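Chemist:
There are 2 protein chains.
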Amino acid sequence: MNETHIASAFDRDLEAIQAQIMKMGGMVEHAIAQAAQSLETRDEELAEQVRDRDRAIDDLEEQVNEATARLIALRAPTAVDLRLALSVLKISSNLERIGDYAKNMAKRTTVLAQMPAIEGAPAALRRMAREVERMLKDALDAYIRRDAELAQTVLLNDHDVDQMYNALFREFLTFMMEDPRNITACMHLHFIAKNTERMGDHVTNIAEQVIYLVTGELPEATRPKVDNVAQSGGFGLEVE
Amino acid sequence: MNETHIASAFDRDLEAIQAQIMKMGGMVEHAIAQAAQSLETRDEELAEQVRDRDRAIDDLEEQVNEATARLIALRAPTAVDLRLALSVLKISSNLERIGDYAKNMAKRTTVLAQMPAIEGAPAALRRMAREVERMLKDALDAYIRRDAELAQTVLLNDHDVDQMYNALFREFLTFMMEDPRNITACMHLHFIAKNTERMGDHVTNIAEQVIYLVTGELPEATRPKVDNVAQSGGFGLEVE
Numbered sequence: 001m002n003e004t005h006i007a008s009a010f011d012r013d014l015e016a017i018q019a020q021i022m023k024m025g026g027m028v029e030h031a032i033a034q035a036a037q038s039l040e041t042r043d044e045e046l047a048e049q050v051r052d053r054d055r056a057i058d059d060l061e062e063q064v065n066e067a068t069a070r071l072i073a074l075r076a077p078t079a080v081d082l083r084l085a086l087s088v089l090k091i092s093s094n095l096e097r098i099g100d101y102a103k104n105m106a107k108r109t110t111v112l113a114q115m116p117a118i119e120g121a122p123a124a125l126r127r128m129a130r131e132v133e134r135m136l137k138d139a140l141d142a143y144i145r146r147d148a149e150l151a152q153t154v155l156l157n158d159h160d161v162d163q164m165y166n167a168l169f170r171e172f173l174t175f176m177m178e179d180p181r182n183i184t185a186c187m188h189l190h191f192i193a194k195n196t197e198r199m200g201d202h203v204t205n206i207a208e209q210v211i212y213l214v215t216g217e218l219p220e221a222t223r224p225k226v227d228n229v230a231q232s233g234g235f236g237l238e239v240e
Numbered sequence: 001m002n003e004t005h006i007a008s009a010f011d012r013d014l015e016a017i018q019a020q021i022m023k024m025g026g027m028v029e030h031a032i033a034q035a036a037q038s039l040e041t042r043d044e045e046l047a048e049q050v051r052d053r054d055r056a057i058d059d060l061e062e063q064v065n066e067a068t069a070r071l072i073a074l075r076a077p078t079a080v081d082l083r084l085a086l087s088v089l090k091i092s093s094n095l096e097r098i099g100d101y102a103k104n105m106a107k108r109t110t111v112l113a114q115m116p117a118i119e120g121a122p123a124a125l126r127r128m129a130r131e132v133e134r135m136l137k138d139a140l141d142a143y144i145r146r147d148a149e150l151a152q153t154v155l156l157n158d159h160d161v162d163q164m165y166n167a168l169f170r171e172f173l174t175f176m177m178e179d180p181r182n183i184t185a186c187m188h189l190h191f192i193a194k195n196t197e198r199m200g201d202h203v204t205n206i207a208e209q210v211i212y213l214v215t216g217e218l219p220e221a222t223r224p225k226v227d228n229v230a231q232s233g234g235f236g237l238e239v240e
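Going line by line, the protein sequences match chains A and B.
Reminder that position 165 of the first sequence reads as 165 in the UniProt record's numbering, one-by-one numbering, no gaps.
Reminder that position 36 of the second sequence reads as 36 in the UniProt record's numbering, one-by-one numbering, no gaps.
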């Protein structure tokens, strides 16, 4: 696409960084899947592995950030290429945060394994996690292929995740009201649900970056926030 | 410090960006204080103002990031200066997230204003928010003055915030067990407490960046995580 010598060097460097992003993405997908599995099967050993492996994800983010900064410093990119490089930083930062949430899920697995089981909840949370994992895969494919249409479907899928969260919240509420002894376990499960919903939001951020790269505009209007739920006293509150 | 012509230009540009960081920091401090005040006084109008003003914080982060990227692209900084520039990105990202949590607190204020009051909780949350606000002020002063010692006190103060959170969590639990009609309000209050504790973690990230800039090392060992609480079935779980 770019025909000058300097621009090709930029593209080559960027491709190497994108490969690191994809590696990081694969590790994060794996972390989500395994954290959810450990929760469902009460597998504390697997949960511990997820927690341990988060450091490698963090290290990879650090590497991506430094490589990107070096790329910018070395290649002095044009405005368009600079935007491309800044996108890389945003994507790696979102991946890192999703990884943190997976680690947090694994931590809570360890705690929940000591408590009475809440019927059906771990399976429902695993379905929710699987949806987020699928969204992440799509968002990263969309990024590599610069496919705005695929990125757009990710935004739509995020609404499903929001709805799954709202349904789960209500379910936990009834368990807590039925028996106060369920309260502590339900609060952990609720945090897991909330964090999984936040993972979905971070995947959405990645998809939005893809749309921005392809079309030059952020799809602000396509992402209705769940504020109406908040207003009605529900729990669909999001910090981002 | 730097004697070449290019390095001075870098320093000058960096100072302008640091001024923006301080402006952003002031806005975030304000948002924390006002969100906590709106919660305590059930002032929905003030809460709405906090929510509206978060956009300005987000915009400022965008400006800081683009200015920093341009700085890197234009000045091709040395390794040390590049680290300095990357620190700016980290600090602005942490400030933006603290702002998001303040906005979220303001949102929950609107919801909680419709529910029965939980005695003492809003005042306790405001004290916690005030502590975080003070930590943020110190962290930003430490950044501007490159004062590693002051940054170190911020890390210590964060333990107080963690302890305030743990105490509040237990208090909310008793309110919920006493009367199931308190459950919904307590879950909102619990999220506010958790998010305030997370604000403290983001302030800590800023203080750690300062220590890194001054000493060249991240103070890994000085920041004991609250994992032992998690292990014992408590709620001191953090995603970062």
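Every residue gets a Cβ at the ideal spot worked out from N, C-alpha and C, and that includes glycine.
Everything numeric in this text was worked out from a predicted model, so none of it was measured.
Which bits of chain A does ASN65(B) rub up against, with CB to CB less than 7 Å?
Modeler: Sequence index remark: in the second sequence, residue 65(B) carries index 65 (1-based). Within chain A, the residues near ASN65(B) are LEU86.
Chemist: Applying a beta-carbon distance threshold of less than 7 Å, which residues of chain A neighbour SER38(B)?
Modeler: Taking the first residue of the second sequence as 1, we reach residue 38(B) at position 38. Those within 7 Å of SER38(B) in chain A number zero; the least Cβ separation is about 15 Å.
Chemist: Per DSSP, what kind of secondary structure is MET24(B) in: helix, strand or coil?
Modeler: As a position in the second sequence, residue 24(B) is number 24, starting the count at 1. Looking at MET24(B) - three-state DSSP - the assignment turns out to be helix.
Chemist: Taking the alpha-carbon of THR153(B) as reference, which of ALA106(B), VAL203(B), LYS107(B) has the nearest alpha-carbon?
Modeler: As a first step, residue 153(B) must be located in the second sequence, where it is residue number 153. The candidate whose alpha carbon is nearest that of THR153(B) is VAL203(B).
Chemist: Assuming VAL132(A) and MET199(A) are in contact, meaning their beta carbons sit under 8 Å apart, how far apart are those beta carbons, in whole angstroms?
Modeler: Counting from 1 along the first sequence, the entry for residue 132(A) is found at position 132. Counting from 1 along the first sequence, the entry for residue 199(A) is found at position 199. Confirmed, about 5 Å.
Chemist: Does any CB atom of chain A fall closer than 9 Å to the CB of HIS190(B)?
Modeler: The count along the second sequence starts at 1 and reaches residue 190(B) at position 190. Interface residue, yes.
Chemist: Which one of ASP138(B), MET164(B), ALA129(B), ASN195(B) has the shortest CA to CA distance from GLU40(B)?
Modeler: By one-based count along the second sequence, residue 40(B) stands at place 40. For the residues ASP138(B), MET164(B), ALA129(B), ASN195(B), the minimum Cα distance to GLU40(B) belongs to ALA129(B).
Chemist: Suppose you measure from the CA of ASN88(A) to the CA of ARG126(B); what does that come to, to the nearest Å?
Modeler: Within the first sequence, numbered from 1, the residue matching residue 88(A) stands at position 88. Within the second sequence, numbered from 1, the residue matching residue 126(B) stands at position 126. One detail in the question is off: residue 88(A) reads as Val in this sequence, not Asn. Taking the straight line joining both Cα atoms gives about 38 Å.
Chemist: What are the complete beta strand (DSSP E) segments, minimum 3 residues, inside the UniProt domain "PhoU" (21-109) of chain A?
Modeler: Correct list: empty.
Chemist: Suppose you measure from the CA of ASP52(A) to the CA of MET24(B); what does that come to, to the nearest Å?
Modeler: Sequence index remark: in the first sequence, residue 52(A) carries index 52 (1-based). Sequence index remark: in the second sequence, residue 24(B) carries index 24 (1-based). Near 35 Å, if we compare the C-alpha coordinates of MET24(B) and ASP52(A).
Chemist: Can you grab the Cα-Cα spacing for the pair LEU60(A) / HIS30(A), in whole Å?
Modeler: Translated into positions along the first sequence, residue 60(A) becomes position 60. Translated into positions along the first sequence, residue 30(A) becomes position 30. Distance between the alpha carbons of LEU60(A) and HIS30(A): 15 Å.
Chemist: Report all residues from its chain with a CB closer than 8 Å to the CB of ALA208(A); omit the five preceding and five following residues, and keep chain order.
Modeler: As a working mapping, residue 208(A) is identified with position 208 in the first sequence. The sequence as given places Glu at residue 208(A); Ala does not occur at that position. If we look at GLU208(A) and ignore the five residues flanking it on each side, its Cβ neighbours are ALA151, LEU155, LEU218, PRO219, ARG223.
Chemist: Counting only Cβ pairs nearer than 7 Å, list the residues of chain A close to ILE183(B).
Modeler: Here residue 183(B) is taken as the residue at index 183 of the second sequence, counted from 1. Near ILE183(B) (Cβ distances below 7 Å), the residues of chain A are LEU173, MET176, MET177.
Chemist: My assumption, with CB atoms under 8 Å, is that LEU82(A) sits in contact with ALA69(B). Please give the rounded CB distance.
Modeler: Your numbering for residue 82(A) matches position 82 in the first sequence. Your numbering for residue 69(B) matches position 69 in the second sequence. With 8 Å as the limit, LEU82(A) and ALA69(B) qualify as a contact, their Cβ atoms being about 6 Å apart.
Chemist: If you measure from the beta carbon of LEU122(B) to each beta carbon in chain A, is any gap under 9 Å?
Modeler: Position 122 of the second sequence, counted from the first residue, corresponds to residue 122(B). One point to set straight first is that residue 122(B) is Pro, not Leu, in the sequence displayed. No, PRO122(B) does not count as interfacial toward chain A.
Chemist: From SER8(B), TYR101(B), PRO77(B), pick the residue whose C-alpha is nearest to that of ALA33(B); which is it?
Modeler: Here residue 33(B) is taken as the residue at index 33 of the second sequence, counted from 1. When only C-alpha atoms are compared, the closest one is TYR101(B).
Chemist: In angstroms, rounded to a whole number, what distance separates the CA positions of ARG134(B) and PRO180(B)?
Modeler: Counted from its first residue, the second sequence places residue 134(B) at position 134. Counted from its first residue, the second sequence places residue 180(B) at position 180. Their backbone Cα atoms lie some 35 Å apart in a straight line.
Chemist: From ILE98(A) to GLN20(A), what distance separates their C-alpha atoms?
Modeler: Locating residue 98(A) in the first sequence gives position 98, counting from the first residue. Locating residue 20(A) in the first sequence gives position 20, counting from the first residue. The alpha-carbon atoms of ILE98(A) and GLN20(A) are separated by roughly 16 Å.
Chemist: Please go through the stretch 104-190 of chain A and give each complete alpha helix (DSSP H) segment of 4 or more residues, from N-terminal end onward.
Modeler: Whole alpha helix (DSSP H) segments, 4+ residues: 121-145, 148-178.
Chemist: Could you tell me the alpha carbon to alpha carbon distance between ASN205(B) and TYR212(B), rounded to whole angstroms?
Modeler: Indexing the second sequence from 1 puts residue 205(B) at position 205. Indexing the second sequence from 1 puts residue 212(B) at position 212. The straight-line gap from Cα to Cα measures roughly 10 Å.
Chemist: For SER93(B), tell me which candidate among VAL64(B), ALA76(B), ALA148(B) has the shortest Cα-Cα distance.
Modeler: Indexing the second sequence from 1 puts residue 93(B) at position 93. For the residues VAL64(B), ALA76(B), ALA148(B), the minimum Cα distance to SER93(B) belongs to VAL64(B).
Chemist: Mind the definition here: the stretch 156-171 of chain B touches the stretch 112-126 of chain B only if three or more C-beta pairs lie below 8 Å; say whether that holds.
Modeler: Yes, they touch.
Chemist: DSSP three-state call for LEU218(B): helix, strand or coil?
Modeler: The residue you call residue 218(B) lines up with position 218 of the second sequence. Here LEU218(B) sits in coil by DSSP.
Chemist: Spatial neighbours of ASP160(B) within its chain, please: CB distance less than 7 Å, with the 5 preceding and 5 following residues excluded, ordered by chain position.
Modeler: On the second sequence, residue 160(B) is found 160 positions in, with the first residue counted as 1. Cβ within range, chain order: GLU131.
Chemist: Pick out whichever of ALA35(B), ILE144(B), ASP138(B), GLN18(B) has its Cα sitting closest to the Cα of ALA47(B).
Modeler: Here residue 47(B) is taken as the residue at index 47 of the second sequence, counted from 1. Of ALA35(B), ILE144(B), ASP138(B), GLN18(B), the residue nearest in Cα terms is ALA35(B).
Chemist: I'd like the list of long-range same chain contacts for ASP58(A), defined as Cβ closer than 8 Å, with 5 residues on each side in sequence excluded.
Modeler: Taking the first residue of the first sequence as 1, we reach residue 58(A) at position 58. For ASP58(A), where only same-chain residues beyond five positions count, the Cβ hits under 8 Å are GLU96, GLY99.
Chemist: Kindly indicate if chain A contains any beta-carbon less than 9 Å away from that of SER92(B).
Modeler: Within the second sequence, numbered from 1, the residue matching residue 92(B) stands at position 92. False, the Cβ-Cβ gap to chain A never drops below 9 Å.
Chemist: Out of curiosity, what's the CA-to-CA distance linking GLN37(B) and GLU15(A)?
Modeler: Looking up residue 37(B) in the second sequence gives position 37. Looking up residue 15(A) in the first sequence gives position 15. Answer to the nearest angstrom: the Cα atoms are 49 Å apart.
Chemist: Hey, out of GLU66(A), ASP54(A), GLN163(A), HIS188(A), whose CA is closest to GLY26(A)'s CA?
Modeler: Start at 1 with the first residue of the first sequence, and residue 26(A) comes out as number 26. GLY26(A) has its Cα closest to that of ASP54(A), out of GLU66(A), ASP54(A), GLN163(A), HIS188(A).
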